[in-house]
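In what follows, a structure is listed as structure tokens, so that the remarks can point back to it.
There are 2 protein chains.
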Amino acid sequence: MRATLIYGAGDVRVEHVPDPALHEPTDALVRVLRSCICGSDLWPYGSMEPAEDGRRIGHEFLGVVEETGSEVSGLAPGDVVVAPFVWADNTCDFCREGLHTSCRHGGGWGARGVDGGQGEAVRVPQAQGTLVKLPVGEDSALLPSLLTLSDVFPTGHHAAVSAGTGLGASVTVIGDGAVGLCAVLAARRLGAERILLMGRHTERTGLGRDFGATDVIAERGEEGVSRAREVTSGDGTPVVLECVGTKQALETAFGVVRDGGAVSRVGVPQYLDGPIGPSMFLRNVSLTGGVAPARAYIEELLPDVLDGTVEPGRVFDRTIGLDEVPDGYRAMADRTALKVLVRP
Amino acid sequence: MRATLIYGAGDVRVEHVPDPALHEPTDALVRVLRSCICGSDLWPYGSMEPAEDGRRIGHEFLGVVEETGSEVSGLAPGDVVVAPFVWADNTCDFCREGLHTSCRHGGGWGARGVDGGQGEAVRVPQAQGTLVKLPVGEDSALLPSLLTLSDVFPTGHHAAVSAGTGLGASVTVIGDGAVGLCAVLAARRLGAERILLMGRHTERTGLGRDFGATDVIAERGEEGVSRAREVTSGDGTPVVLECVGTKQALETAFGVVRDGGAVSRVGVPQYLDGPIGPSMFLRNVSLTGGVAPARAYIEELLPDVLDGTVEPGRVFDRTIGLDEVPDGYRAMADRTALKVLVRP
């Protein structure tokens, strides 16, 4: 089959690789219907050291079950399923607590010996725990929105939930990427009344307004902080969702958060140390969030996607075939595409 | 009157200062019955640049109301009262949310124009909001425990509450100072079942056991982390209360916390940046806590102190007169005293 490999910064290739086969009785094989490129894929795409051997990439996909191992129940060939962006047994203590990203028997797509999502098919470890069956056909118009359940929508939701977003909440979302926009959507869905979206790409912030943003702040850094405080009577908001991952975004988050509030971050941190000294302490600001246990949220979010209450699939603004994946990376890195959908 | 001033590292003096008088109609005058020296007083005692003019110090006291301003109601001369370690109006939006440390009309003891607690008397701004009346006489044997309501006991409680300590919780407390020991007591009071206390002063950890610690870990740094994980099946505890304030203590806290758990800190951070990179993120660890809004907790904690259910006053292991305050600082800095009670 064909699959995507990354060999270094700027070097993504679609190549022929061995067809996946069942290894473990807990595996399933899934033919990929839709995959996509993630903002977090752009980190290795921007900085990975060149490597002789490429490594498989892609962690968001939705497809059709083709075969299941002997210990997999509840799934059958022909089922349309979505995979969360880490695989997990869904039965260990961490999974039962909703922290599938720390599953005792889980792991990541594209790790050694594991397929990535940007390919024609995937061997899914811990298939029964990992995959969620979708009550739609292979040609459903909902596939783009359903695909966001593998990462960006639950990630935005995780940001909002971790920071305690509830009815009537005032929220600032930092970042107008797909995750930031999904965080707006998730915060609105959870009942937030005031949602400040910090971002400067007008076509993205426009979608953010459709998703529920009440204010858009285009300024960045200290200017952005001043503006956000200005429109919130000087106090900032008690909930801040940091959806970028840079130190600057985190600093902005701490600048914007109201005393006693929480900064929730879901963008992979591109820093080792951050500004958590006396200022944060004296204002009783919390830092929460982390890599989103998407699997924990799919059942909760699915009904609203199925009935069209939310349309997170609107974050996809370009659709390509598998062979065009290298172009897709370029487009996202150049910010000419917000999020790229792949039809293998 | 006599009061304590700090002139620089190692230089604390008891001097004659003007008697306090009412300035604002919201003030009260309080004659100090008991005061004490705080672990956080040791930071300036250890590092303050020498200054020509000393500044007043001390933020924990309990006393008798001598006079009240025209706008103070509910308090009368002769009332025994305790003051939390910041003054606050108890009516603004932050105070109503229980965040008195961010009060819109509050401030700190010993700030310019405000008395410190380590003296014979104090002008209390926002007296009606700040002071809490105690149903005891001036000679009550409970005064030491009641005095802890001004800081260390609510601070330990704040650590425990912020991290979500509840019935059956497993908790690690880092630090065997007065705040660490009060955090043990608070965690136990909130229903924690397993309490690991990390500290190496056996007479302090002994009191920690009396307060509810089930395990004592004397090792520090990486060794301490290994030991704490060893006794918790490798996972660490979901709740970690960091009661020191150094970067090493924070690193230990992150090392000991279970995936998905929270580190709550209440020791004033002696660092500007901290280790909040990918490791914390990928494990969904939160950082919470901050300077404790003691005022918010006094009513809740008071009954258990009055009926002897808890005896936080046991953290005091030395009692001195006001003139001996410089010796008290030395004793706490040398760790020959845990916490020093002052009878002016």
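Protein chains in written order, with the working numbering: chain A, 1167 to 1510; chain B, 1167 to 1510. Even for Gly, the Cβ is constructed at its ideal location relative to N, Cα and C.
Take residue 1370/A and list the residues in its own chain whose beta-carbon comes closer than 7 Å to its own, dropping the five residues that flank it on each side.
Along the first sequence, read from residue 1 onward, the residue named residue 1370/A stands at position 204. Answer for residue 1370/A: 1342, 1347 and 1504, listed in chain order.
Give the DSSP bridge partners of residue 1381/A, in chain order.
The count along the first sequence starts at 1 and reaches residue 1381/A at position 215. Note: residue 1381/A sits in a beta bridge opposite 1362/A.
What is the C-beta distance between residue 1247/A and residue 1300/A, in whole angstroms, given that I count them as a contact (C-beta under 8 Å)?
As a working mapping, residue 1247/A is identified with position 81 in the first sequence. As a working mapping, residue 1300/A is identified with position 134 in the first sequence. The Cβ separation is near 6 Å, so the contact holds.
Where does residue 1213/A land, buried or exposed, given buried means 16+ other C-beta within 10 angstroms?
Here residue 1213/A is taken as the residue at index 47 of the first sequence, counted from 1. Exposed, because fewer than 16 other Cβ atoms sit within 10 Å of the Cβ of residue 1213/A.
Could you tell me how far apart the beta carbons of residue 1283/B and residue 1198/B are, in whole angstroms, since I believe they sit closer than 8 Å?
Residue 1283/B sits at position 117 when you count from the first residue of the second sequence. Residue 1198/B sits at position 32 when you count from the first residue of the second sequence. Residue 1283/B to residue 1198/B, Cβ: 7 Å. Contact.
Nearest-angstrom Cα distance between residue 1389/B and residue 1405/B?
For the purposes of this step, residue 1389/B is identified with residue 223 of the second sequence, where counting begins at 1. For the purposes of this step, residue 1405/B is identified with residue 239 of the second sequence, where counting begins at 1. Their Cα atoms are separated by approximately 19 Å.
Does the beta-carbon of residue 1368/A have 16 or more other beta-carbons within 10 angstroms, so that it is buried, or is it exposed?
One-based indexing of the first sequence puts residue 1368/A at position 202. So residue 1368/A ends up on the exposed side.
Could you run through the region 1444 to 1464 of chain B and flag, in chain order, every residue whose CB is less than 8 Å away from some CB of chain A?
Within the region 1444 to 1464 of chain B, the residues whose Cβ lies closer than 8 Å to some Cβ of chain A are 1444, 1446, 1447, 1448, 1449, 1450, 1451, 1452, 1453, 1454, 1455, 1456, 1457 and 1459, listed in chain order.
Of all the beta strand (DSSP E) runs that stay within the bounds of the region 1400 to 1482 of chain A, which reach a length of 3 or more residues?
List check, beta strand (DSSP E) in window: 1403 to 1408, 1423 to 1431 and 1452 to 1455.
Indicate the three-state DSSP secondary structure (helix, strand or coil) for residue 1488/A in the structure shown.
Along the first sequence, one-based indexing puts residue 1488/A at 322. Of the three classes helix, strand and coil, the one that applies to residue 1488/A here is helix, per DSSP.
Compute the distance between the beta-carbons of residue 1293/B and residue 1194/B, then report whether it is under 7 Å.
Reading the second sequence from its first residue, position 127 is the one you call residue 1293/B. Reading the second sequence from its first residue, position 28 is the one you call residue 1194/B. Cβ atoms of residue 1293/B and residue 1194/B: closer than 7 Å.
Three or more beta-carbon pairs under 8 Å between the region 1326 to 1341 of chain A and the region 1421 to 1437 of chain A, yes or no?
The region 1326 to 1341 of chain A is in contact with the region 1421 to 1437 of chain A.
Which one or two residues does DSSP pair with residue 1202/A in a beta bridge?
Here residue 1202/A is taken as the residue at index 36 of the first sequence, counted from 1. The partner list for residue 1202/A (beta bridge, DSSP) reads 1507/A.
Quick one: using the 10 Å Cβ neighbour count with 16 as the cut-off for buried, is residue 1237/B buried or exposed?
Here residue 1237/B refers to the residue found at position 71 when the second sequence is read from its first residue. With fewer than 16 other Cβ atoms within 10 Å, it is exposed.
Identify each residue in the region 1403 to 1419 of chain A for which the Cβ-Cβ distance to at least one residue of chain B is less than 7 Å, and report them in chain order.
Residues passing the 7 Å Cβ filter: none.
Secondary structure at residue 1397/A, three-state DSSP: helix, strand or coil?
Along the first sequence, one-based indexing puts residue 1397/A at 231. Correct three-state label for residue 1397/A: coil.
Would residue 1301/A count as contacting chain B if we go by Cβ distances under 7 Å?
Residue 1301/A sits at position 135 when you count from the first residue of the first sequence. Judged by the 7 Å Cβ criterion, residue 1301/A is not in contact with chain B.
CB-CB under 8 Å to residue 1481/A, same chain, minus the five flanking residues each way: which ones, in chain order?
Residue mapping note: residue 1481/A aligns to position 315 of the first sequence, counting from 1. Around residue 1481/A: 1314, 1318, 1344, 1347, 1348, 1373, 1504 and 1505.
Out of 1502/A, 1494/A, 1501/A and 1365/A, state which residue places its alpha-carbon closest to the alpha-carbon of residue 1509/A.
Stepping through the first sequence from its first residue, residue 1509/A is reached at position 343. Considering only alpha carbons, the answer is 1494/A.
Output the boundary residues of the alpha helix (DSSP H) element that contains residue 1324/A.
In the first sequence, the residue the question calls residue 1324/A occupies position 158. Start and end: 1318 to 1328.
Just tell me which of 1417/B, 1350/B, 1422/B and 1413/B has its CA closest to the CA of residue 1437/B.
Within the second sequence, residue 1437/B is the residue found at index 271, counting from 1. For the residues 1417/B, 1350/B, 1422/B and 1413/B, the minimum Cα distance to residue 1437/B belongs to 1413/B.
Compare the C-alpha of residue 1474/B against each of 1306/B, 1251/B and 1394/B and name the closest.
Here residue 1474/B refers to the residue found at position 308 when the second sequence is read from its first residue. Nearest option by C-alpha distance: 1306/B.
Keeping to the same chain, check which residues put their C-beta closer than 8 Å to that of residue 1210/B; ignore five residues upstream and five downstream.
For this step, residue 1210/B is matched to residue 44 along the second sequence. Within the same chain, residue 1210/B has close Cβ partners 1172, 1175 and 1223.
Under a Cβ-count criterion, where at least 16 other Cβ atoms within 10 Å of its own Cβ denotes burial, should residue 1501/A be classed as buried or exposed?
The residue you call residue 1501/A lines up with position 335 of the first sequence. Classification for residue 1501/A: exposed.
Could you pull out every residue in the same chain whose Cβ sits closer than 6 Å to the Cβ of residue 1379/A, ignoring the five residues on either side in sequence?
Residue mapping note: residue 1379/A aligns to position 213 of the first sequence, counting from 1. Taken in chain order, the residues that qualify are 1350, 1361 and 1363.
So what's residue 1353/A in DSSP terms, helix, strand or just coil?
Counting from one through the first sequence, the residue named residue 1353/A turns up at place 187. Here residue 1353/A sits in helix by DSSP.
Are the region 1436 to 1453 of chain B and the region 1450 to 1464 of chain A in contact at 8 Å, needing three or more beta carbon pairs?
The answer is yes - the region 1450 to 1464 of chain A touches the region 1436 to 1453 of chain B, with three or more Cβ pairs under 8 Å.
For residue 1182/B, does the three-state DSSP call read helix, strand or coil?
Translated into positions along the second sequence, residue 1182/B becomes position 16. Strand.
Applying the 10 Å Cβ sphere with the 16-neighbour rule, what's the burial state of residue 1276/B?
Taking the first residue of the second sequence as 1, we reach residue 1276/B at position 110. Buried.
Hey, is residue 1268/B's beta-carbon within less than 7 Å of any beta-carbon in chain A?
The count along the second sequence starts at 1 and reaches residue 1268/B at position 102. Closer than 7 Å to some Cβ of chain A, the Cβ of residue 1268/B qualifies, so yes.
Residue 1422/B and residue 1296/B look like a contact to me (Cβ under 8 Å); what is the Cβ gap, rounded to whole Å?
Taking the first residue of the second sequence as position 1, residue 1422/B is located at position 256. Taking the first residue of the second sequence as position 1, residue 1296/B is located at position 130. Not a contact, Cβ separation roughly 36 Å.
What would DSSP say about residue 1209/B, mapped onto helix, strand or coil?
To locate residue 1209/B, count along the second sequence from 1; it is residue 43. Here residue 1209/B sits in helix by DSSP.
One question on the structure: do residue 1446/B and residue 1286/B come within less than 7 Å of each other, judged by their Cβ atoms?
Numbered from 1 along the second sequence, position 280 holds the residue referred to as residue 1446/B. Numbered from 1 along the second sequence, position 120 holds the residue referred to as residue 1286/B. Taking 7 Å as the Cβ cut-off, residue 1446/B and residue 1286/B do not qualify as a contacting pair.
Only counting the same chain, and skipping five residues up and downstream in sequence, which positions put a Cβ closer than 7 Å to that of residue 1255/A?
For the purposes of this step, residue 1255/A is identified with residue 89 of the first sequence, where counting begins at 1. Closer than 7 Å at the Cβ level, and outside the excluded window around residue 1255/A, lie 1261, 1269, 1271, 1272, 1292 and 1295.
Just reading off the alpha helix (DSSP H) that residue 1311/B is part of, what are its end residues?
Walking along the second sequence from the start, residue 1311/B turns up at place 145. Note, residue 1311/B: alpha helix (DSSP H), 1309 to 1313.
For residue 1225/B, which residues of its own chain have a beta-carbon under 6 Å away from its beta-carbon, when the five flanking residues on both sides are left out?
By one-based count along the second sequence, residue 1225/B stands at place 59. The answer, listed in chain order, is 1251, 1275 and 1283.
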